[in-house]
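Written below as structure tokens is the structure these notes are about.
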Amino acid sequence: MSTKTLLVTGGAGFIGTNFVRHVLTERPTWCIINLDALTYAGNLANFQDLAPDPAARHQFVHGAIQDSGLLEQLFTEESFDAIVHFAAESHVDRSILGPESFVETNVVGTFRLLEASLKQWRSRGKLENFRFLHISTDEVYGSLGSEGYFTESTPYDPSSPYSASKAGSDHLVKAYFRTFALPAIITNCSNNFGPYQFPEKLIPLMILNLMEEKSLPVYGDGKNVRDWLYVIDHCDALIRVLEQGKPGETYNIGGGAERQNIEVVNLLCDLFDSRLDRSTKKASRRLIRFVTDRPGHDRRYAIDASKIRRELGWSPAHNFEEALEATVDWYVNNMDWVELVRSGEYRKWIEINYGERE
Ligand code: NAD
Ligand code: TYD
Numbered sequence: 002m003s004t005k006t007l008l009v010t011g012g013a014g015f016i017g018t019n020f021v022r023h024v025l026t027e028r029p030t031w032c033i034i035n036l037d038a039l040t041y042a043g044n045l046a047n048f049q050d051l052a053p054d055p056a057a058r059h060q061f062v063h064g065a066i067q068d069s070g071l072l073e074q075l076f077t078e079e080s081f082d083a084i085v086h087f088a089a090e091s092h093v094d095r096s097i098l099g100p101e102s103f104v105e106t107n108v109v110g111t112f113r114l115l116e117a118s119l120k121q122w123r124s125r126g127k128l129e130n131f132r133f134l135h136i137s138t139d140e141v142y143g144s145l146g147s148e149g150y151f152t153e154s155t156p157y158d159p160s161s162p163y164s165a166s167k168a169g170s171d172h173l174v175k176a177y178f179r180t181f182a183l184p185a186i187i188t189n190c191s192n193n194f195g196p197y198q199f200p201e202k203l204i205p206l207m208i209l210n211l212m213e214e215k216s217l218p219v220y221g222d223g224k225n226v227r228d229w230l231y232v233i234d235h236c237d238a239l240i241r242v243l244e245q246g247k248p249g250e251t252y253n254i255g256g257g258a259e260r261q262n263i264e265v266v267n268l269l270c271d272l273f274d275s276r277l278d279r280s281t282k283k284a285s286r287r288l289i290r291f292v293t294d295r296p297g298h299d300r301r302y303a304i305d306a307s308k309i310r311r312e313l314g315w316s317p318a319h320n321f322e323e324a325l326e327a328t329v330d331w332y333v334n335n336m337d338w339v340e341l342v343r344s345g346e347y348r349k350w351i352e353i354n355y356g357e358r359e
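So for the sequence shown, this note's numbering puts the first residue at 2; every next one is plus one.
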């Protein structure tokens with residue numbers, strides 16, 4: 002197994018944290034420099050429980066990807082074998098209420114990171130094995146009707162400022178491959194869930210509201226469909242893409258677990274009912290409230306993951322229902338973490354986003 006030094010951006014967020022922790026156990030010769038601005042979504046406490054590591058395989062750098070001075074310093078001090086680029090503003094509802102930071106981080110930040118990577122790659126003789134892995138989303142493809150799947154050649158058609166900014170960053174990454182031959186790869190993944198997800202997204206928000214017997218806000222008619230993937234399966238796919246993926250290619254990653262939002266919420270309600278042994282049947286479902294829909298709300302996402310399965314031999318290892326239950330367990334057992342991330346900023350967000358939907 003070859004030694005690698007990775008620059009992971011956004012490694013203190015949800016997927017980044019899971020990726021860093023997964024790599025530390027699954028690839029014992031890899032080292033990680035984790036660059037993260039620690040916005041509301043990033044949290045260093047995610048690594049507190051890791052055993053002290055004399056080899057210092059995980060080092061943290063606090064800073065923003067659009068800070069070209071910082072990038073220059075970092076790329077002068079370290080030589081990277083791969084950039085794994087997670088850093089982003091990632092929440093659709095926030096992009097509707099305040100799109101500017103999405104353009105700043107997702108578009109301008111990705112551009113600056115590409116520039117710094119290109120400069121280092123050229124100065125090191127255009128190393129053949131270097132990789133710029135850009136983590137993107139299926140939301141760039143827009144919305145599906147009741148039929149069909151997103152493939153790697155589905156035209157881009159983003160609906161929200163979030164997905165438009167991710168689409169913009171994808172285009173920049175493609176351009177750096179085509180124009181400058183930077184060995185870049187893009188992955189477009191479906192909705193993730195699992196430990197360390199910030200409780201603004203559907204699944205952790207519903208889990209916490211269920212724990213506290215608060216109302217469960219379902220947008221619109223609740224029949225929008227998402228294709229759910231357990232975050233560890235995503236991390237496995239990313240390792241595979243880093244090791245075997247072909248520069249210039251895009252790989253779609255999906256869980257093959259399409260569910261309507263209301264089905265997910267009902268399932269969580271039933272999980273809580275059976276755990277708490279609530280005497281009335283389906284007691285938790287009484288907490289469901291159908292609230293004003295999200296503007297531009299995409300109806301259905303579904304990934305055709307046959308390319309990554311065929312070419313890299315990846316498919317998800319976790320079953321949706323079992324992984325959902327494990328996720329509930331994680332939140333129930335990690336309320337210290339929850340309290341830590343539910344800062345004043347979080348409370349303000351809940352007030353703004355849900356206050357308007359009543
Ligand atoms: P997240 O919001 O949980 O984490 C984002 C991280 O990036 C945080 O740690 C934050 O502090 C950091 N960050 C934000 N702006 C930064 C900046 N300017 N410079 C440096 N760091 C900054 O997001 P996530 O859910 O972990 O998503 C990670 C990536 O995966 C994103 O690019 C997202 O578009 C993509 N993605 C997410 C999903 C999903 O379901 N969560 C699905 C597909 C793709
Ligand atoms: P979300 O977790 O925000 O992910 P994305 O918008 O990137 O798919 O939302 C998942 C789905 O759940 C989406 O269709 C919107 C819906 N949703 C609700 O119904 N209520 C909520 O409170 C939230 C946060 C999302």
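Note that CB positions come from ideal geometry on N, CA and C, so glycine has one too.
No experiment lies behind these values; they were computed from the predicted model shown.
Residue i versus residue j - alpha carbon distance
i, j, result
"W31", "D274", "43 angstroms"
"Y197", "T26", "17 angstroms"
"F112", "A168", "13 angstroms"
"D237", "F151", "21 angstroms"
"L173", "V109", "10 angstroms"
"H235", "H319", "10 angstroms"
"L203", "D94", "11 angstroms"
"G249", "L51", "35 angstroms"
"V333", "A176", "44 angstroms"
"Q60", "S69", "20 angstroms"
"P317", "L325", "14 angstroms"
"D171", "F103", "14 angstroms"
"L7", "R290", "44 angstroms"
"L128", "W338", "41 angstroms"
"I254", "N107", "20 angstroms"
"W331", "G195", "8 angstroms"
Run of the alpha helix (DSSP H) containing residue i, from where it starts to where it stops
i, result
"V266", "262-277"
"P162", "162-181"
"Y332", "321-334"
"D94", "93-98"
"Y355", "345-356"
Close-in-space but distant-in-sequence residues of the same chain around residue i (CB under 6 angstroms, 5 per side omitted)
i, result
"A38", "A65"
"S164", "E140, V141"
"H92", "E201"
"F131", "W122, P184"
"G223", "N262, I263"
"V329", "I208, L272"
Residue range of the unbroken beta strand (DSSP E) whose run includes residue i
i, result
"A185", "185-190"
"A238", "That residue, A238, is in no beta strand (DSSP E); its alpha helix (DSSP H) goes 232-245."
"Y252", "251-254"
"N35", "31-37"
"P218", "217-220"
Residue i (DSSP reduced to helix, strand or coil)
i, result
"R1", "Because the chain in this structure spans residues 2 to 359, residue 1 falls outside the shown range and cannot be described."
"R290", "strand"
"H23", "helix"
"H63", "strand"
"L8", "strand"
"P205", "helix"
"W315", "coil"
"D122", "Note that residue 122 is Trp in the sequence shown, not Asp. In the structure shown, W122 sits in a helix (DSSP, three-state: H, G or I)."
"Y142", "helix"
"S69", "helix"
"T18", "helix"
"A83", "strand"
"D228", "strand"
Cutoff 8 angstroms; reference residue i; Cβ partners in own chain excluding five residues on either side
i, result
"E379", "Limits of the chain in this structure are 2 at one end and 359 at the other, which puts residue 379 out of reach."
"G143", "Y157, D158, P159, S160, S164, D299"
"S3", "T30"
"L98", "I353, N354"
"G146", "R300, R301"
Proximal residues to residue i (C-beta, below 7 angstroms), its chain only, five neighbours per side dropped
i, result
"A13", "N35, D37, L39, G43, N44, L45, N47"
"S118", "I84, F133, L183"
"E213", "none"
"E105", "Q67"
"T138", "S164, K167, N189, C190"
"W350", "E201"
Check whether residue i and residue j have beta carbons under 7 angstroms apart
i, j, result
"I33", "N193", "no"
"S285", "L206", "no"
"V292", "P218", "yes"
"T18", "F87", "no"
"A303", "D228", "yes"
"S191", "G257", "no"
"Y252", "V242", "yes"
"Y355", "R295", "no"
"I186", "G246", "yes"
"K5", "D54", "no"
heavy atom of the ligand HEM below 6 angstroms from residue i C-beta
i, result
"S164", "Among the ligands in the structure shown, the ligand HEM does not appear; only the ligand NAD and the ligand TYD can be found there."
CB contact check: residue i to chain B, cutoff 7 angstroms
i, result
"F291", "Annotation note: the requested chain B is absent from the structure, which comprises a single protein chain."
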